[in-house]
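Offset between the sequence shown (1-based) and the working numbering: plus 4. C-beta atoms are modelled at their ideal positions from N, C-alpha and C, and glycine is treated no differently. Heads up, the thing below is written out as structure tokens.
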Amino acid sequence: MRPSSSTPGAVARAAQAPGDALWDPTWVPAAGEATIAARTGSQHAELTLYCSWFCPFAQRAWIACEEKHVPYAYVEVNPYEVDASKPGELDVM
């Protein structure tokens, strides 16, 4: 990485959005969050995709649905937040 300032040893923060120091002007911002927001709560879909954003297997299923133009409803699940009154059940966000 190249330094972000004149301070010796300083490292630039990873590019997150246009205007960041390391952002390449040819990059296009991702639309994943907007796609998920559009799919969240879809009532007309026959397929419901229960996912966690950090799960690589869920990401593969999500990408496959998008590439094949399969209509689906997206439901975010956090497996680390389990309700103690409902053992064995995951909370759906």
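(request) Could you name each continuous alpha helix (DSSP H) segment of 4 residues or more that falls completely within the region 23 to 95, going from the start of the chain to the end? (result) 36 to 43 and 60 to 72
(request) Please confirm if the region 51 to 68 is in contact with the region 27 to 35, defined as three or more CB-CB distances below 8 Å between the two stretches. (result) no
(request) Rounded to whole angstroms, what's the CA-CA distance from GLU70 to ALA42? Just pull it up for me. (result) Start at 1 with the first residue of the sequence shown, and residue 70 comes out as number 66. Start at 1 with the first residue of the sequence shown, and residue 42 comes out as number 38. Looking at the two C-alpha atoms, the distance is approximately 12 Å.
(message) Pop quiz: ALA51 and VAL81 are said to be a contact at Cβ under 8 Å. What is the actual Cβ separation, rounded to whole angstroms?
(response) Indexing the sequence shown from 1 puts residue 51 at position 47. Indexing the sequence shown from 1 puts residue 81 at position 77. According to the sequence shown, residue 51 is Leu rather than Ala. Not quite, the Cβ-Cβ distance comes to about 15 Å (not below 8 Å), so this is no contact.
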